[in-house]
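A.B. asks: My questions will all concern the structure given below.
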Amino acid sequence: MSESPVLGDYFVIQALENGVQVMGLTRGPETKFHHTEKLDRGEVMVVQFTEHTSAMKIRGKALVYTKHGKVAVGGEDGR
Ligand code: TRP
């Protein structure tokens with residue numbers, strides 16, 4: 016698996032409220048949602064881009080930790 020060019024780094028999503036949604040979108044010619052995971056406040060999901068997942072959409076207040084830094088999602092200042 017580690018030889019696959021599509022596998023990305025892991026990153027961490029920490030929910031800051033109940034009902035945060037992490038949606039995975041398919042890789043390839045058709046970009047569709049294939050999975051929605053709901054996180055409650057304090058829950059953490061460790062995710063990776065894979066041969067099946069090329070993009071993710073995150074809805075709700077959450078912190079996303081990547082190797083590029085921390086991104087706040089859904090905050091009052093639109094971070
Ligand atoms: N079965 C999915 C895959 O292997 C699991 C997955 C990986 C996923 N990363 C994700 C689901 C991000 C939602 C969001 O690609």
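Heads up, the sequence shown is in the working numbering, so the first residue is 16 and it goes up one at a time. Just so it is clear, CB atoms sit at the ideal spot from N, CA and C, and this is done for glycine as well.
Nearest by alpha-carbon distance to V27: which of R42, G34, L54 and T41 is it?
C.D. replies: One-based indexing of the sequence shown puts residue 27 at position 12. Looking at the Cα atoms, L54 is the closest of the given residues.
A.B. asks: Less than 9 Å separating the beta-carbons of M60 and T51?
C.D. replies: Here residue 60 refers to the residue found at position 45 of the sequence shown. Here residue 51 refers to the residue found at position 36 of the sequence shown. Not in contact: M60 and T51 (Cβ atoms no closer than 9 Å).
A.B. asks: Going by the beta-carbon positions, is the gap between V35 and E66 smaller than 9 Å?
C.D. replies: Numbered from its first residue, the sequence shown carries residue 35 at position 20. Numbered from its first residue, the sequence shown carries residue 66 at position 51. No; because the gap between Cβ atoms is not below 9 Å, this pair is not in contact.
A.B. asks: What would DSSP say about L78, mapped onto helix, strand or coil?
C.D. replies: One-based indexing of the sequence shown puts residue 78 at position 63. Three-state DSSP puts L78 in a strand.
A.B. asks: Between G89, G57 and R56, which lies nearest to K76 when the distance is taken from Cα to Cα?
C.D. replies: Translated into positions along the sequence shown, residue 76 becomes position 61. It is G89 whose Cα lies nearest to the Cα of K76.
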